[in-house]
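Student: Residue numbers (UniProt numbering): 1 to 294. Yeah, the Cβ is synthetic: ideal placement off N, Cα and C, and Gly gets one too. Keep in mind that this is a model prediction, so the values were computed, not measured.
#1: Measure the alpha-carbon distance for residue 177 versus residue 240 and round it to whole angstroms.
#2: Starting from residue 143 and walking both ways along the alpha helix (DSSP H), at which residues does that stretch end?
#3: Evaluate the contact criterion for the stretch 158–173 versus the stretch 67–79: three or more CB pairs, one atom per stretch, below 8 Å.
#4: For residue 132, which residues from the same chain have a beta carbon less than 7 Å from its beta carbon, with the 5 sequence-adjacent residues on both sides left out?
#5: So, are the CB atoms of residue 309 and residue 228 less than 8 Å apart?
#6: Could you name the residues of the same chain whose beta carbon sits closer than 6 Å to that of residue 215, not counting the 5 residues immediately before and after it, in chain order?
#7: Could you pull the DSSP bridge partners for residue 241 from this structure?
#8: Distance, Cα to Cα, residue 142 vs residue 108?
#9: Output needed for residue 49: all residues of its chain with C-beta closer than 7 Å, excluding positions within five of it in sequence on either side, in chain order.
#10: Figure out for me which residue from 56, 53 and 79 has the closest Cα to the Cα of residue 64.
#11: Pair every Cβ in the stretch 217–224 with every Cβ in the stretch 83–95, then say whether three or more of these pairs are closer than 8 Å.
#12: Could you tell me the boundaries of the beta strand (DSSP E) in which residue 117 lies?
Rendered as structure tokens:
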């Protein structure tokens, strides 16, 4: 073998070594970072909520907690342990004050993630006679403090359900027997306890003088307390309801998921220059070794 042939062979071996180093580094990079598409898919499947939806079906006819429903399908009523009739009964004035708690995705929850926390609403003089009023206090988690966490289906619609979407979502104070010209007033909800800072008051959904229309969105249709605060009954329009809407503080489900995905992508892009620099150093060192032996 001539000297030229020997140098050529060594050069080919060197190139092969460099190629092997590069391929091995790329392989290790792939193992370390994982497939980007899989990571993105995992983030998209994670709704990013602190507590899963409660998904408690509404009682159906025959269930002991099903009370009654209107013949025309305009309303349905469920047994509520906080429903009281005034004595003496002064008229047909009735109503509800409710609290609903949502996770970051806007789904009803029982508050397992915010224990030892309360939501309190002052109910005023008109309801002083009610055993659960003045004030109306809701303790979280509902599953620990009450036999039934929810008593109402206040939001959503379903063609197979007289009123609501078929899933319970609210914890309510209910009454009957007020004069038909009575004024009902309530205060802004106050949050106290260990996780009060983890909750935010979205607003209030109030409907007066008619049966509750569940075709409303607890997030989009909630308004500030200054726009509500009570109602005055009218003859033949002696019903009123309000729901105070609370939500776990934090990113919305959609924006939270997108943010997580963006952060993951940014981290990956930041790693590439570092790894690329390491590869360049490896290649240069290898070539230097080969050159020194020529």
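Tutor: On the basis of the coordinates in this document:
#1: In the chain shown, counting from the first residue as 1, residue 177 sits at position 177. In the chain shown, counting from the first residue as 1, residue 240 sits at position 240. When only Cα atoms are considered, residue 177 and residue 240 end up about 13 Å apart.
#2: For the purposes of this step, residue 143 is taken as residue 143 along the chain shown, with counting starting at 1. Segment 142–145, the alpha helix (DSSP H) holding residue 143.
#3: Here the stretch 158–173 makes contact with the stretch 67–79; the two share three or more CB pairs at distances below 8 Å.
#4: In the chain shown, the residue the question calls residue 132 occupies position 132. Hits under 7 Å: 82 and 173.
#5: No answer is possible for residue 309: the residues shown for the chain start at 1 and end at 294.
#6: Within the chain shown, the letter at position 215 stands for residue 215. The beta carbon of residue 215 sits closer than 6 Å to those of 157, all from its chain and outside the five residues before and after it, given in chain order.
#7: Counted from its first residue, the chain shown places residue 241 at position 241. Partner(s): 96 and 207.
#8: What you label residue 142 is simply residue 142 of the chain shown in a count that begins at 1. What you label residue 108 is simply residue 108 of the chain shown in a count that begins at 1. A direct Cα-to-Cα measurement between residue 142 and residue 108 gives close to 12 Å.
#9: Counting from 1 along the chain shown, the entry for residue 49 is found at position 49. If we look at residue 49 and ignore the five residues flanking it on each side, its Cβ neighbours are 103, 104, 105 and 253.
#10: Counting from 1 along the chain shown, the entry for residue 64 is found at position 64. Out of 56, 53 and 79, 79 has the C-alpha closest to the C-alpha of residue 64.
#11: These segments do not touch.
#12: Stepping through the chain shown from its first residue, residue 117 is reached at position 117. Per DSSP, residue 117 belongs to the beta strand (DSSP E) from 117–121.
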